[in-house]
Amino acid sequence: MTTVRGWLRCFSRRAARAAVVFTSLLVALADDPAMVLPAHAGSPVRDALYAVVGFAFAARARLGKLKVPTWLLMSAACHGRLLAPGWPPA
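Using the working numbering, count along the sequence shown one by one with no gaps and you end on 345.
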């Protein structure tokens, strides 16, 4: 998996599970999860991306004044294993 096309295929295969993981993290961090839960976006990949962004907003709200990029929060949440075999656990 050395090309962007390969990365996208890999993410597409695990997008539904990734959406569940990041939505769970979002709910755990948000003060009012009902206000930040993403709506169904129409595809597993979009659902996963919406969940990552929602998680990042909830994490930033918890961190206060610290400015942390979305990619860094996402990477920390999955321990840098977003495209690694076996993540997220089934």
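All residues carry an ideal CB built from backbone N, CA and C; glycine is no exception.
As the structure is a computational prediction, the values presented were derived from the model and not from experiment.
Review point. In whole angstroms, what separates the C-alpha of A339 from that of D287?
Key: Along the sequence shown, read from residue 1 onward, the residue named residue 339 stands at position 84. Along the sequence shown, read from residue 1 onward, the residue named residue 287 stands at position 32. Just so you know, the alpha carbons of A339 and D287 end up roughly 32 Å apart.
Going by DSSP in three states, W342 sits in which element: helix, strand or coil? Counted from its first residue, the sequence shown places residue 342 at position 87. Coil, per DSSP.
Exercise. For T278, does the three-state DSSP call read helix, strand or coil?
Worked result: Against the sequence shown, residue 278 aligns to sequence position 23. Three-state result, T278: helix.
Which term fits L232, buried or exposed, when burial requires 16 or more other beta carbons within 10 angstroms of its beta carbon?
-> Past the edges of the chain, shown from 256 to 345, lies residue 232, and the structure says nothing about it.
Assuming P293 and A306 make a contact with CB atoms under 8 Å, what is their CB distance in whole Å? Here residue 293 corresponds to residue number 38 of the sequence shown, with the count starting at 1. Here residue 306 corresponds to residue number 51 of the sequence shown, with the count starting at 1. The Cβ separation is near 6 Å, so the contact holds.
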